[in-house]
Amino acid sequence: MAGQWSYYQWTLLSLLAIPGCLTGSWIGFSQVFVVASPSHWCHPPINLTDLHLTELQWKNMAIPLSDAGFSSCKQYEYEVSETIVTINRSTELECSHGWTYDRSLYDETLVTEMGLVCGLDFWAPLSMIIFNSGSVVGSLLFGHIADRYGRKKALFLCVAMSSLLGFASSAATGVKTFTALRFFAGFTFPSTYTIAVILAFEFVGDDYRIRTNTLFGSLYGASMCALGIVANYVRNWRLLLVTCSMPGTLFLFCWWFIPESPRWLISKRQYVQATDTLAGVAIRNRNSENIERIKETCRESFMQDDKSEQKPTVLDLFKTPILRKITLLITFVWLVNSTVYNGLLYNVPNMKLNDYINFALSGAVEVPAALITWPLMNKIGRRWSLVLSMGFGGLTTLLVPALANVHKWAIGILATIGKFAITASYDILYAYANELYPTTVRAIGITTGSLIAMICVMLEPYVLYATSHSRTLPLIIMGILSSIAALLALLLPETKGCHLPQTIEQMEKLQKPRKGRRVKDSQVDQLESLVAPS
């Protein structure tokens, strides 16, 4: 009646893409560049010009050299007398005058500004772990807020918090302050994207949910690609954090243009607000002749539903056998998906390519990966799309060890193909989970899966250290996990052609097989008609 895909939905989705894609990716992944540690070596005691030496001459004289290159934390014992340097190569010492950094890629990072190398090099991965720890807490917190107090309030609170903490992090004067601020900034990742997608899903009809998911997935990849380009030009970590906080700040002015989800309002029995929102959508979509029908349908819906769930909790996800099975399977698949996705992403620095180009290409891969999910899910359904994409990603990742002795470009191509498949499965998983969970616990269900996944991802930065000893072992583990998750995904019910359920009871009816077909629910059909065309 209000219109399931028209001018209003295009406008709304364009606005929601700002926090969901730009803010969601930039706040989360900018830290890769913020805490980057460029090559470094011991700083000379006095200006090299006074010693009549070049930088390379100093390194050859005073810095120990191994197969891995010049030492980052050691120097030979030396004495300087006016312009004469005496080197004792039999004794190696710690750097006593700080470090000289390779400035070819980064002007200033947190690491170079605060000297977080050698004995203090644990701070960079620790800050990323702390950020991911905040994500664990934030996923549960904002999932609860979104289901209890509304999608709109949760989204704007999330965006405001991410922008404020982004600016605050850029002004941090010490690594402890920075790390503490990043913990709270982590609250908003990936909740910003998750809530924006949920809100978008609940404004479109059945036939356009996959199109919406594809749009957000491809824009998210494009935003990551853009971050690599922006970081290439903004090479100071403070300015980069400020730049990444700007889109979210501008989005806050859209408060008056973003309505609350009508499905959430209906689930909370807020009749007046739901009717006003849907009437506004109908007017903007030039369906104003349906306003009275919208009001009547809403009124009938509330008369039928007098047992709406008012206070959803995580425990509701285990309330019934079907929902319990869905929760456990989705959570495990999400856990594996996030682990493999981040594992491939964080292994990018080990490819020995330009960090900015590598990251931009990594984001660019996500655009076609998102686009391919549209025809795939419409053709073979959500379940088989997820099974095939995760299975193919696992198989490709397992092939990398077989080519361990081949040129690094061959490994890089296979890893990129694996990331392509895993990214596709990630986008499919978001659409699938939105369709499986009912409105009353949709945000809690999705963010709980994200929460469990982030607990495992917290240790992902240390993959960088593990791969220095064995680059293939993590890939073998990720390939096996992905293959197992693909097999378990076969146990999930298909949602292609099903309406979005409002309550747990309605979801049970829709997913419960009877004589080979799913049961229809007249109330779900009635609610769905509110956003379907007249």
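According to my numbering, the sequence shown is numbered sequentially starting from -19. By construction, the Cβ of each residue, glycine as well, lies at the ideal position given by its N, Cα and C atoms.
Reference Leu309; option with closest CA among Leu73, Cys138, Thr3 and Thr428: If you number the sequence shown from 1, residue 309 lands on position 329. The candidate whose alpha carbon is nearest that of Leu309 is Thr428.
Per-residue DSSP class, three states only, for Glu240: By one-based count along the sequence shown, residue 240 stands at place 260. Glu240 falls in the coil class under three-state DSSP.
Candidates Met487, Ile464 and Val421, of which the one nearest Leu120 by Cα: Indexing the sequence shown from 1 puts residue 120 at position 140. It is Val421 whose Cα lies nearest to the Cα of Leu120.
Rounded separation between Trp314 and Leu467 - CA only: Within the sequence shown, residue 314 is the residue found at index 334, counting from 1. Within the sequence shown, residue 467 is the residue found at index 487, counting from 1. Put simply, the backbone Cα of Trp314 is about 14 Å away from that of Leu467.
From Ser203, Met458, Ala134 and Thr92, residue whose alpha carbon lies closest to that of Ser10: Here residue 10 is taken as the residue at index 30 of the sequence shown, counted from 1. Minimum Cα distance to Ser10 is reached at Ser203.
Cβ contact check for the stretch 463 to 481 and the stretch 355 to 371: 3 or more pairs under 8 Å: Yes, the stretch 463 to 481 is in contact with the stretch 355 to 371.
Touch test, the stretch 124 to 134 against the stretch 69 to 79, Cβ-Cβ under 8 Å, three pairs minimum: Taking one beta carbon from each stretch, the stretch 124 to 134 and the stretch 69 to 79 have fewer than 3 pairs nearer than 8 Å; the two do not touch.
Touching by the beta-carbon criterion (3+ pairs, under 8 Å), the stretch 56 to 69 and the stretch 13 to 33: Taking 8 Å as the limit for Cβ pairs, the verdict is that the stretch 13 to 33 does touch the stretch 56 to 69.
For Gln482 and Thr419, believed in contact at Cβ under 8 Å, the rounded distance: Along the sequence shown, one-based indexing puts residue 419 at 439. Along the sequence shown, one-based indexing puts residue 482 at 502. Confirmed, about 5 Å.
DSSP three-state assignment for Ile464, whether helix, strand or coil: Position 484 of the sequence shown, counted from the first residue, corresponds to residue 464. It is helical.
Euclidean distance between Cα positions of Lys489 and Ile408: Residue mapping note: residue 489 aligns to position 509 of the sequence shown, counting from 1. Residue mapping note: residue 408 aligns to position 428 of the sequence shown, counting from 1. About 23 Å.
7 Å CB neighbourhood of Ser(-14) in its chain, flanking five on each side removed: Indexing the sequence shown from 1 puts residue -14 at position 6. For Ser(-14), where only same-chain residues beyond five positions count, the Cβ hits under 7 Å are Asn265.
Own chain, CB closer than 6 Å to Glu57, minus 5 neighbours either side, in chain order: If you number the sequence shown from 1, residue 57 lands on position 77. Around Glu57: Asn68, Thr71 and Leu73.
Three-state secondary structure assigned by DSSP to Ser70: Position 90 of the sequence shown holds residue 70. In the structure shown, Ser70 sits in a strand (DSSP, three-state: E or B).
Selected residue, minimal CA-CA separation from His23, among Ser17, Gly0, Cys75 and Val60: To locate residue 23, count along the sequence shown from 1; it is residue 43. Considering only alpha carbons, the answer is Cys75.
Alpha-carbon to alpha-carbon, Met438 and Thr223: What you label residue 223 is simply residue 243 of the sequence shown in a count that begins at 1. What you label residue 438 is simply residue 458 of the sequence shown in a count that begins at 1. Cα-Cα distance, rounded: 25 Å.
Reduced DSSP category for Tyr86 - H, G, I as helix; E, B as strand; rest coil: Start at 1 with the first residue of the sequence shown, and residue 86 comes out as number 106. If DSSP states are grouped into helix, strand and coil, Tyr86 belongs with coil.
Classification of Leu295 by the beta-carbon crowding that lies within 10 angstroms, buried from 16 upward: Sequence index remark: in the sequence shown, residue 295 carries index 315 (1-based). Leu295 is exposed by the Cβ-count criterion.
Nearest-angstrom Cα separation, counted from Leu324 out to Ile110: To locate residue 110, count along the sequence shown from 1; it is residue 130. To locate residue 324, count along the sequence shown from 1; it is residue 344. Straight across, the Cα-Cα distance linking Ile110 with Leu324 is about 20 Å.
Stretch pair the stretch 165 to 173 + the stretch -7 to 8: three plus CB contacts closer than 8 Å: Between the stretch 165 to 173 and the stretch -7 to 8, the count of Cβ pairs shorter than 8 Å is three or higher; the stretches touch.
Residues near Leu(-7) by beta carbon distance below 7 Å, same chain, minus five either side: For the purposes of this step, residue -7 is taken as residue 13 along the sequence shown, with counting starting at 1. So the qualifying residues of the chain are Ala180, Thr192 and Leu195.
Rounded separation between Ile263 and Tyr188 - CA only: The sequence position of residue 263 within the sequence shown is 283, counting from 1. The sequence position of residue 188 within the sequence shown is 208, counting from 1. Straight-line measurement puts the Cα of Tyr188 at about 20 Å from the Cα of Ile263.
C-beta contact flag for Ala401 and Ala349 at 9 Å: Residue 401 sits at position 421 when you count from the first residue of the sequence shown. Residue 349 sits at position 369 when you count from the first residue of the sequence shown. By the CB criterion at 9 Å, Ala401 and Ala349 fall inside the cutoff.
Residues bridged to Gln55 (per DSSP): Residue numbering aside, residue 55 sits at position 75 when the sequence shown is read from its first letter. Beta-bridge pairing links Gln55 to Leu73.
Simplified DSSP state of Val515, which is helix, strand or coil: Residue numbering for the chain in the displayed model covers -19 to 514; residue 515 lies beyond these limits and cannot be assessed.
Segment limits, alpha helix (DSSP H) that includes Thr168: Translated into positions along the sequence shown, residue 168 becomes position 188. Run containing Thr168: none; DSSP gives neither H nor E here.
Cut-off 6 Å between Cβ atoms - residues of its own chain near Leu472, not counting five sequence neighbours on either side: In the sequence shown, the residue the question calls residue 472 occupies position 492. The residues are Leu309 and Arg363.
Tyr417 in three-state terms, based on DSSP: As a working note, residue 417 is residue 437 in the sequence shown. Residue state, collapsed to three classes: coil.
Selected residue, minimal CA-CA separation from Asn88, among Phe122, Glu276, Ser115 and Ser150: Counting from 1 along the sequence shown, the entry for residue 88 is found at position 108. Strictly speaking, residue 88 in this sequence is Glu, with Asn absent from that position. Across the set Phe122, Glu276, Ser115 and Ser150, the C-alpha of Ser150 shows the shortest separation from the C-alpha of Glu88.
Nearest-angstrom Cα separation, counted from Pro227 out to Leu(-4): For the purposes of this step, residue -4 is identified with residue 16 of the sequence shown, where counting begins at 1. For the purposes of this step, residue 227 is identified with residue 247 of the sequence shown, where counting begins at 1. If I take the Cα positions, the gap works out to 11 Å.
Contacting residues, own chain, Cβ-Cβ under 7 Å from Pro39 (five flanking each side not counted): On the sequence shown, residue 39 is found 59 positions in, with the first residue counted as 1. First, the amino acid is wrong: residue 39 is Lys here, not Pro. Trp21 and Phe50, listed in sequence order.
Of the listed residues Ala16, Leu232 and Gln(-11), nearest to Phe339 (C-alpha basis): Numbered from 1 along the sequence shown, position 359 holds the residue referred to as residue 339. The candidate whose alpha carbon is nearest that of Phe339 is Ala16.
Nearest to Ser430 (by Cα), restricted to the options Val214, Ala48, Thr307 and Ile393: Counting from 1 along the sequence shown, the entry for residue 430 is found at position 450. Comparing Cα-Cα distances from Ser430 to each of Val214, Ala48, Thr307 and Ile393, the minimum goes to Thr307.
Residues sharing a beta bridge with Phe50, DSSP: Working through the sequence shown from its first residue, we reach residue 50 at position 70. Looking at the DSSP output, Phe50 bridges to Leu45.
Neighbourhood of Ile175 by C-beta distance below 7 Å, restricted to the same chain and skipping five residues each side: By 1-based counting over the sequence shown, the position of residue 175 is 195. Within the same chain, Ile175 has close Cβ partners Phe122, Ala126, Arg131, Ala134, Leu135, Cys138 and Ala423.
Opposing strand residues paired with Ile64 [DSSP bridges]: Taking the sequence shown and counting its residues from 1, one reaches residue 64 at position 84. Answer by DSSP bridge pairing, in chain order: Ser61.
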